[in-house]
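Residue 1243 in this note's numbering sits at position 102 of the sequence shown, and the numbers go up by one each step.
Have a look at the structure below before the remarks.
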Amino acid sequence: MLDELLNEVRRLTDGDDDVDTIVRACELVDDGLKVRIEIRLKPSLSSVWTLVARGMRDFEFSPGWVGDVPQLLTAHPVLLPFTEPQSVLHIRGSSQAPLSILGALCLKHSECVGNWLKFSDCVATNMFTPDPWSNEHGIVASGPVTLLRSYQTVLDSYGLRCSIPTGQFPLSFQVGERKGDQHPLYCVLVGANWVVSEQFDAYQE
1142 MLDELLNEVR RLTDGDDDVD TIVRACELVD DGLKVRIEIR LKPSLSSVWT LVARGMRDFE
1202 FSPGWVGDVP QLLTAHPVLL PFTEPQSVLH IRGSSQAPLS ILGALCLKHS ECVGNWLKFS
1262 DCVATNMFTP DPWSNEHGIV ASGPVTLLRS YQTVLDSYGL RCSIPTGQFP LSFQVGERKG
1322 DQHPLYCVLV GANWVVSEQF DAYQE
């Protein structure tokens, strides 16, 4: 069980922060992801585990040395596309320096979600050109509503009129079901690697 892996992490790291985590391998299996992880305190004290994510929504995992120990989280930026309503951000207005607005949006994005969500996936960067805007209008961003509201504070400061339609929860990834996610979702984080899933199991090799 995952609890056993997390307990092992706590046991190995008790009183010692010098712990290496190595992602040995990862592969897709059925509706999930299987990851082989080695947690090493020193050459003579290590533990190898296989982590299995079932009901997976998304992941970013690659083999290699990580350093950080695994964490199980219920709140993290990578969960937002699945646990929050999604919407779009409309603007209307004029600006002499659209690229300055783009830079301010990029800073706000980094402040809110770091590099966990790609800026270019959320903001329509092609709308921001060196040419001044004259009554420009359109959709400048899409994504989790809380992130869009953060963008709106930036756009408001530039005198642009904004609107965010009522958001919709993302559809379930299960084929044929058109409904929002009804299952609690969790994130396992290992350094910059992560996987969002309904359920996690782990067993020691």
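C-beta: ideal position from N, C-alpha, C; glycine also.
Asked                                                                                                            : Found
Terminal residues of the alpha helix (DSSP H) in which Pro1218 lies                                              : Note, Pro1218: premise wrong, no alpha helix (DSSP H); not H, not E.
Of the listed residues Arg1233, Leu1221, Glu1277, nearest to Cys1263 (C-alpha basis)                             : Leu1221
Rounded separation between Phe1314 and Gly1196 - CA only                                                         : For Phe1314, the predicted model reports a pLDDT of 45, less than 50, meaning its position is unreliable and no value from the coordinates is stated.
Beta-ladder partner(s) of Cys1167, from DSSP                                                                     : Val1176
Assigned exposure category for Val1344 - 16 Cβ within 10 Å defines buried                                        : Contrary to the premise, residue 1344 reads as Tyr rather than Val in this sequence. That one is exposed.
DSSP-derived helix/strand/coil call for Arg1319                                                                  : For Arg1319, the predicted model reports a pLDDT of 42, less than 50, meaning its position is unreliable and no value from the coordinates is stated.
Which residues DSSP lists as bridging Asp1297, in chain order                                                    : DSSP output for Asp1297 lists no bridge partner at all.
Three-state class that DSSP yields for Ile1245 in the structure shown                                            : With the sequence shown as reference, residue 1245 is identified as Ala, and Ile is not the correct amino acid for it. Here Ala1245 sits in helix by DSSP.
Phe1314 (DSSP reduced to helix, strand or coil)                                                                  : In this prediction, Phe1314 has a pLDDT of 45, which is less than 50 and means its spatial position is unreliable; nothing more can be read from the coordinates.
Whole-angstrom distance between Val1286 and Arg1165, CA atom to CA atom                                          : 37 Å
Selected residue, minimal CA-CA separation from Met1268, among His1231, Ser1304, Val1210, Pro1211                : His1231
Beta-carbon proximity list for Val1316, same chain, < 8 Å, skipping 5 on both sides                              : Because Val1316 carries a pLDDT of 39, less than 50, the predicted location of this residue cannot be relied on, and the following value inherits that uncertainty. Excluding positions up to five away in sequence, the list is empty.
Exposure label - Arg1198; buried when at least 16 CB within 10 Å                                                 : buried
Outcome for Ala1216 when other beta-carbon atoms lying within 10 angstroms are tallied against a minimum of 16   : exposed
Pick from Asp1171, Leu1214, Phe1200, Arg1181 that is closest to Leu1143, judged by C-alpha positions             : Leu1214
Buried or exposed (CB count within 10 angstroms, at least 16 for buried), Val1189                                : exposed
Val1091 versus Thr1191 - alpha carbon distance                                                                   : Residue 1091 lies beyond the stretch modelled for the chain, which goes from 1142 to 1346, so this question has no answer here.
As assigned by DSSP and simplified to three states, the class of Pro1239                                         : helix
Straight-line Cα distance separating Lys1259 from Thr1162                                                        : 25 Å
Other residues of its chain near Ser1283: CB distance less than 6 Å, five sequence neighbours each side excluded : Val1229
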